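Inspection log for the structure reproduced underneath, given as structure tokens.
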Amino acid sequence: METPLCQFVKLPAHLMLKSEISGLMCERDPEEASASVPLNIVSLLEPSMPNFTVSPLPADTSWNSPYSVPIQVIVWLIIIVLSLETIIGNAMVIVAYRIERNISKQVSNRYIVSLAISDLIIGIEGFPFFTVYVLNGERWPLGWVACQTWLFLDYTLCLVSILTVLLITADRYLSVCHTAKYLKWQSPTKTQLLIVMSWLLPAIIFGIMIYGWQAMTGQSNSMSGTECSAPFLSNPYVNMGMYVAYYWTTLVAMLILYKGIHQAAKNLEKKAKAKERRHIALILSQRLGTQVGVSLMLQSKAEKEKAEEAQKDSGYTSNQAGVS
1 METPLCQFVK LPAHLMLKSE ISGLMCERDP EEASASVPLN IVSLLEPSMP NFTVSPLPAD
61 TSWNSPYSVP IQVIVWLIII VLSLETIIGN AMVIVAYRIE RNISKQVSNR YIVSLAISDL
121 IIGIEGFPFF TVYVLNGERW PLGWVACQTW LFLDYTLCLV SILTVLLITA DRYLSVCHTA
181 KYLKWQSPTK TQLLIVMSWL LPAIIFGIMI YGWQAMTGQS NSMSGTECSA PFLSNPYVNM
241 GMYVAYYWTT LVAMLILYKG IHQAAKNLEK KAKAKERRHI ALILSQRLGT QVGVSLMLQS
301 KAEKEKAEEA QKDSGYTSNQ AGVS
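Counting along the sequence shown from 1, when you hit position 9 you're at 9 in the UniProt record's numbering, and nothing is skipped either side.
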């Protein structure tokens, strides 16, 4: 039996389709077959098939740093030095406050301890995690929960530091410009309450702005899986409002307070110089009076001595006259 030209042969998938269609065309009239087969299928029957080249998939380089290894090493060395300096310096401030009674007795030093605590935490979590984020090409490798926690701590602690510096400035202004009222108003309880508020207010603000942004605005998280940035940064009005509110407002307030401190210091310096001049004038007048008194006393003593000598001389003369 003659083997038909269009006999089915086991072929790969795309060639099997071509073989089956060719078999149908062989069994039917060539003109009917060519008329019944659509053009897009006929194109599969072209004798020349496109050449496909299979190449291996590229290696996953999604977490490769855009920076070279020497640059990463240098950056990490600098960050480690800065972090250790921040941690050790602020830890020494806290320890000194705890062990030195003369320091802990001053109520205003509690503001400095609060500032040291916030800066200490920034040195522990701020520098290292931000370095990881930057050296990875601004991609976050630690997951979304860690990202939100880091953002919350970073923004909160920065605002705590700003508010604490503002409290220190206001405390100095009141102690210099309104000393009597300040001494009556200041107390450990009020100072501690202000410190608690300087921590609680930033925590509430950025807790809502970071953890509750999606529920508050109804916007879904549009950031990619490797991006880690505060969600409110996508809103320019909120971003600018917060920037002006907690940075420029506190900056202007501190400049005004320091201007008042500078003016009060100048006034105190003028008063001190005037007092010093009066003191010098008093000393000079006392010295002048002393000198005048001594001169008068010496003059009186000299005149008295002259009178005594004159009296002796007159007595001697009278005695000589009586003898003669």
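Every residue gets a Cβ at the ideal spot worked out from N, C-alpha and C, and that includes glycine.
All values derive from a computational prediction rather than experimental measurement.
The C-alpha of Pro236 is placed about 46 Å away from the C-alpha of Lys105.
In this structure, Ile122 lies away from Leu163, with their beta-carbon atoms at least 7 Å apart. With a 10 Å radius around the Cβ and a threshold of 16 neighbouring Cβ atoms, Ile88 comes out exposed. Shown here, His178 sits in coil according to DSSP, grouped into three states, outside any helix or strand. Within the segment 188-219, the complete alpha helix (DSSP H) segments at least 4 residues long are 188-206, 213-217, listed from N- to C-terminus. Where Gln72 is concerned, the enclosing alpha helix (DSSP H) starts and stops at 69-99.
Contact check between the segment 124-134 and the segment 76-85: three or more CB pairs, one atom from each, fall below 8 Å, which counts as touching. Here Asn102 is exposed: its Cβ has fewer than 16 other Cβ atoms, across all protein chains shown, within 10 Å. Collapsing the DSSP output to three states places Pro141 in coil. Counted as a single uninterrupted DSSP element, the stretch harbouring Ala245 is not any alpha helix (DSSP H), since DSSP gives it neither H nor E. Annotation for Ser118: the continuous alpha helix (DSSP H) segment containing it runs 109-121. Leu257 places its beta carbon less than 7 Å from that of Thr169. Within its own chain, the residues whose Cβ lies closer than 6 Å to the Cβ of Asp171, once the five positions on either side in sequence are excluded, are Ser108, listed in chain order. By the CB criterion at 7 Å, Ile94 and Ala116 fall inside the cutoff.
Secondary structure at Asn64: coil, using DSSP grouped into helix, strand and coil.
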